[in-house]
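Colleague: My questions will all concern the structure given below.
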Amino acid sequence: NHQDGQVDRLYGLAPVAKYFIRSRGGGSLSPWLDLYQHKITIDSWYHLKDAVLEGANPFNKAHGMSAVEYISTDARFEDIFKTSFIDYNKLFVEEMLKSYQGFDGLNVLVDVGGGNGFILHKIVSKYPTIKGINFDLPQVIDKSPSYPGIEHVAGNMFKSVPKGDAIFMKWILEHLDDKQCLMLLKNCYEALPVNGKVIVVDAVIPESPDANPLHKSVYQFDFLSMGMNETGKERTEKESENLAEGAGFSRFRVACCAYGFSVMEFYKIM
1 NHQDGQVDRL YGLAPVAKYF IRSRGGGSLS PWLDLYQHKI TIDSWYHLKD
51 AVLEGANPFN KAHGMSAVEY ISTDARFEDI FKTSFIDYNK LFVEEMLKSY
101 QGFDGLNVLV DVGGGNGFIL HKIVSKYPTI KGINFDLPQV IDKSPSYPGI
151 EHVAGNMFKS VPKGDAIFMK WILEHLDDKQ CLMLLKNCYE ALPVNGKVIV
201 VDAVIPESPD ANPLHKSVYQ FDFLSMGMNE TGKERTEKES ENLAEGAGFS
251 RFRVACCAYG FSVMEFYKIM
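As structure tokens, then:
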């Protein structure tokens, strides 16, 4: 306000806007919003009833093919899809490394389904004494960049996984059914020493719906997964604990939460 009564109106970003501009680590939720609001994604919502009534996949119903198949036919949607996950990973790993202390003291950390190794690279950058092993399918490993302290290993997680003090898996179990989860977790159990652990990052849904904003966000991700994925589901804490016990792990705990996703530990204690 000026002495002569004139008013200058100023504009600025609201606090929530910080998630939609680039963070220091390069992450942003803007591509994530693009993915949720894209017509290709929205079209699948109209077929959610088919998932409930028939067990059909909504994306397949809407587009006549799976999400993986469709992405290879639409370069623009492929870019939105990949960018949304890349940018979210940048935000998530920053927050996880602030909240989770479970990497301290590890010698060898295996990232199962680690993609191009970006998250493992961030972990090893903070904990440089860790040897990182990035494990994924051959076609993924072939395109992965070189990172200091990280060895890229190609293979099939349903056959075996590399040995390490701990095994890290982000957004892996939620894409698998219970039978596939148990097969993978048993392979992890065999690859770990006594007192080793699997570090699982997934959305954990509450036992019953409530008005908690965090839980609403988790359910939103659950609906996105149900709309696009042909297998898998988000699980409750108890369901995740049951998987751990079924694979032979004797201790389970939720260590922390970062941007809506829980960091869980499955311990191999004899």
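Numbering follows UniProt numbering, in which position 199 of the sequence shown is assigned residue number 199; successive positions increment by one, without gaps.
Note that the Cβ used here is the ideal one computed from N, Cα and C, for glycine as well.
(1) For A17, count neighbouring Cβ atoms within 10 angstroms of its own Cβ and tell me buried if that reaches 16, exposed if not.
(2) Using a Cβ-Cβ cut-off of 6 Å (strictly less than) and excluding sequence neighbours within five positions of M96, which residues of its own chain qualify?
(3) Which residues in the same chain as E239 place their Cβ atom closer than 8 Å to its Cβ, once the five residues preceding and following it in sequence are excluded?
(4) Taking 8 Å as the threshold, find out whether the region 160 to 174 comes into contact with the region 191 to 206 through three or more Cβ pairs.
(5) Among the candidates A154, E234, G113 and P128, whose CA atom is the shortest distance from the CA of L184?
(6) Here's the rule: buried if 16 or more other CB atoms are within 10 angstroms of the residue's CB, otherwise exposed. What is K197?
(7) For H152, count neighbouring Cβ atoms within 10 angstroms of its own Cβ and tell me buried if that reaches 16, exposed if not.
(8) Hey, which unbroken runs of the beta strand (DSSP E) at 3 residues or more fall wholly within the region 82 to 156?
(9) For S262, list the residues DSSP reports as bridge partners.
(10) Report the three-state DSSP secondary structure of K197 (helix, strand or coil).
(11) Confirm the yes/no value for this check: CB of E207, any heavy atom of the ligand HEM, distance under 8 Å.
(12) Determine contact between the region 243 to 250 and the region 209 to 218, defined as no fewer than three beta-carbon pairs at a distance below 8 Å.
(13) To the nearest angstrom, report how far apart G26 and H38 are at their CA atoms.
(14) Hey, A203 and F261: beta-carbon distance below 9 Å or not?
(15) What does the Cβ neighbour count give for T41, buried or exposed, with the cut at 16 atoms within 10 Å?
Modeller: Considering the structure as presented:
(1) Your numbering for residue 17 matches position 17 in the sequence shown. So A17 ends up on the exposed side.
(2) Taking the first residue of the sequence shown as 1, we reach residue 96 at position 96. Excluding sequence neighbours, M96 sits near A258.
(3) Here residue 239 is taken as the residue at index 239 of the sequence shown, counted from 1. Closer than 8 Å at the Cβ level, and outside the excluded window around E239, lies no residue.
(4) yes
(5) To locate residue 184, count along the sequence shown from 1; it is residue 184. Per the Cα distances, G113.
(6) Position 197 of the sequence shown, counted from the start, is the residue given in the question as residue 197. Answer is buried; the Cβ neighbour count reaches 16.
(7) In the sequence shown, counting from the first residue as 1, residue 152 sits at position 152. Burial call: buried.
(8) 108 to 112, 131 to 136 and 150 to 154
(9) In the sequence shown, counting from the first residue as 1, residue 262 sits at position 262. Answer by DSSP bridge pairing, in chain order: D202 and C257.
(10) Position 197 of the sequence shown, counted from the first residue, corresponds to residue 197. Reduced to three states, the DSSP call for K197 is strand.
(11) Inclusion of the ligand HEM in the displayed structure is not the case, the ligand content being empty and no account of it being possible.
(12) no
(13) Sequence index remark: in the sequence shown, residue 26 carries index 26 (1-based). Sequence index remark: in the sequence shown, residue 38 carries index 38 (1-based). If I take the Cα positions, the gap works out to 22 Å.
(14) Taking the first residue of the sequence shown as position 1, residue 203 is located at position 203. Taking the first residue of the sequence shown as position 1, residue 261 is located at position 261. Contact flag set, yes.
(15) Here residue 41 refers to the residue found at position 41 when the sequence shown is read from its first residue. It is buried - the Cβ of T41 has at least 16 other Cβ atoms within 10 Å.
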